[in-house]
Amino acid sequence: MGVSGTPRSVIQVSGIRKTYGTTVAVSEVSFEVSEGEVFGLIGPNGAGKTTTMECVEGVRRPDRGDISILGLNPFRDVYQVQNRIGVQLQQAQLQKRIKVWEAVDLWASLYSKSVDAARLLEQLGLADSRNAWFMTLSGGQKQRLFIALALINDPEVVFLDELTTGLDPQSRRAIWDLVRGIRDRGKTVFMTTHLMEEAERLCDRVAIIEHGKIIDMGRPEELVGRHCPARTVVLATANALAEERFRAIPQVETVVRQGSQFTIRGLGEEFVSEVIQCLSENRIRVTDFRTMLPNLEDVFLKLTGHSIRD
Amino acid sequence: MLHGLWKLTWLEIKIFLREPLGAFGSIILPVLVFVVVGRFMGGRFPSRSIATSEFVRVGLPVFVSVLIALSGVLSLVTIVSIYREGGILKRLRATPLRPQTILTAHVLVKLVLTAVTMALSVLAGKRYYPINMDVPIFGFTMALLISTWSILSIGFVIASIVPTARFAQPIGAAILYPMIALSGLFVPLPSLPPALQALARVLPLTYAVSLLQGILKGEAWWAHRGDVAALTLVFVICTALSAKVFRWE
């Protein structure tokens, strides 16, 4: 579709709005997702992430606005769309006593093409549980099964809604590896999360959503650079002249000294290199050196005035 | 449109039979009760008064059929609300499965289980009850299907409006079971007070019982066209209604 070199846009959302009674869940939300990228919608619970995602999946119809996915209309062509996408829903369940292989087998039969079920279960570490009932699976196993169901039809776009919510850190990391695997297979991934670490590790591009509105969008490092340009270096040195030297670093904002420890704050991506250069030029010996870089969590705090966990 | 229907139906039957009380409660227990009652009565049915034998010949089979159909509908209402509450309906719906396929599969599961229960009851009952095997089995089955279909559509309206799975069973029972009392099974309609007669006339079960009894007695379908029309009307209205108000989550 696009000019070669420009990634094809697979999801286009423009100006969607969705209300439930008097509550505005999503308002004027617009974005595009390109082929092969991992796009994350991030924000606190209740911000409108799931509603937006479900509109794109064709499960929920917005009051206003246009959505196009794979060049199709998710409402008019709902079955065609669902045949080509893979979906993992937030807080979904299966029949308590359905066996793992039965679920995968049923799903495989619903789509016009499917990947090898046994191999998929193997890849997701579910081969040993293939005869287990859904109700006996652990949280991590359930999520891996839902990922299997989302991948069984070799989809072009995969939707992952709050994939790791409620999982322990170890299962969470295992799931993250799986998502990277999905991406490496060239799939487009559209995910939501309220975990900033998850977004930073997985997403090529994120949109921050709050109160149903997208407040900013871009690559994670782009957003950090735009909203939280400050960098902090913490180091320890016994050099008596150090403080003076640090204050002379270009872009430096503050230097705070506590005994032999210095906390140096400055602006710009070059700031850390400048500190290092200053240390080497002045032959300042340090016994500790740490950088504290702002992350999406800080961006969110800056943009909304509150932490995402509040 | 029925893509995936057979697979889903078969799967749901297997899943149902895995429930702790699944097969036992819905198939074995009713048959067992039937047999125990039969043994207990020890062939004392025949040669009683004409009224008794009339009840055994016509009333009892209709009563049992209606009861099984009602409990089938009730358990369907419960399953649908459990599936909705657990997000299972939503998950199934986010696939190329058509919504009507998902619901049809559940109806088929209930129909199959009900048919098995009834067939076993008839087979077991042959030993103990003076069952007249000359009854129009095919006609009665058709009448039962029409009746069940109609009651089922009411069940879907109930399933659409019950707030949570916990309320599905009691609310459904409270709506469906009282209909039996006024259905003409135990008390003939003409002997009811006028107000109750009027109420009975708007309850679909009344028409179901009239149709089932009539067909079992060997009466012509034409004589019961009013019953069939009433049951069809209920089906059409309730299906349209549940299509409007049914919630998937």
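These protein sequences, in sequence, are chains A and B. First residue of the first sequence? That's 12 in our numbering, and the numbers climb one at a time after it. First residue of the second sequence? That's 5 in our numbering, and the numbers climb one at a time after it. Every residue gets a Cβ at the ideal spot worked out from N, C-alpha and C, and that includes glycine.
For Leu105/A, the C-beta contacts it makes with chain B under 7 Å involve Ile92 and Arg95, in order along the chain.
Inclusion of Leu83/A and Val111/A in the CB contact set at 9 Å is not warranted, their separation being larger than that value. Exclusion of the five residues before and after Val84/B leaves Ala163 as the residues of its chain whose Cβ lies within less than 6 Å of its Cβ. If one requires a minimum length of 4 residues, the alpha helix (DSSP H) runs lying completely within the stretch 136–218 of chain B are 141–165, 169–180, 182–185 and 198–206, in chain order. Using beta-carbon distances, Asp127/A does not count as an interface residue toward chain B, since no partner is under 9 Å.
The criterion of a C-beta distance shorter than 9 Å is satisfied by Leu162/A and Val126/A. Among the residues of chain A, none has a CB under 8 Å from the CB of Pro65/B; the nearest is roughly 33 Å distant. For Val81/B, the closest C-alpha among the options Val68/B, Phe144/B and Val113/B is that of Val113/B.
Boundaries of the alpha helix (DSSP H) harbouring Ser85/B: Leu64 to Glu89, taken from the DSSP string. In the structure shown, Gly150/A falls within a helical segment according to DSSP collapsed to helix, strand and coil.
Residue environment analysis places Gly188/B among the buried positions, since at least 16 neighbouring C-beta atoms fall within 10 angstroms of its C-beta. Distance check between Phe38/B and each of Val166/B, Lys18/B and Ser125/B places Ser125/B closest, using alpha-carbon atoms only. At a cut-off of 9 Å, the C-beta of Asn142/A has no neighbouring C-beta in chain B. At a cut-off of 9 Å between C-beta atoms, Asp139/A does not count as an interface residue with respect to chain B.
Arg276/A sits away from Glu285/A, with the two beta carbons spaced by 9 Å or more. Of the candidates Thr105/B, Val166/B, Val62/B and Gly42/B, Gly42/B places its Cα closest to the Cα of Gly129/B.
The stretch 217–237 of chain A makes contact with the stretch 52–66 of chain A: 3 or more CB pairs, one atom from each, lie closer than 8 Å. Between Leu121/A and chain B, the shortest Cβ-Cβ separation is below 9 Å. Interface flag for Ala98/B against chain A is set, since a Cβ pair is found closer than 9 Å.
Taking the beta carbon of Glu223/B as reference, no residue of chain A falls within 8 Å; the closest one sits roughly 43 Å away.
In the DSSP assignment, Ala129/A falls within the unbroken alpha helix (DSSP H) covering Ala128 to Gln134.
At least one CB of chain A lies nearer than 9 Å to the CB of Leu101/B. Taking a 10 Å sphere around the C-beta of Asp139/A, we find fewer than 16 other C-beta atoms and assign the residue as exposed.
Here Leu278/A is bridged, per DSSP, to Ala241/A.
Take Pro240/A, set aside five residues on each side of it, and the residues of its chain with a beta-carbon closer than 7 Å to its own are Leu278 and Gly279, in chain order.
Under the Cβ criterion of 9 Å, Ile19/B is counted among the residues facing chain A.
When secondary structure is reduced to three states using DSSP, Glu292/A falls in the helix class.
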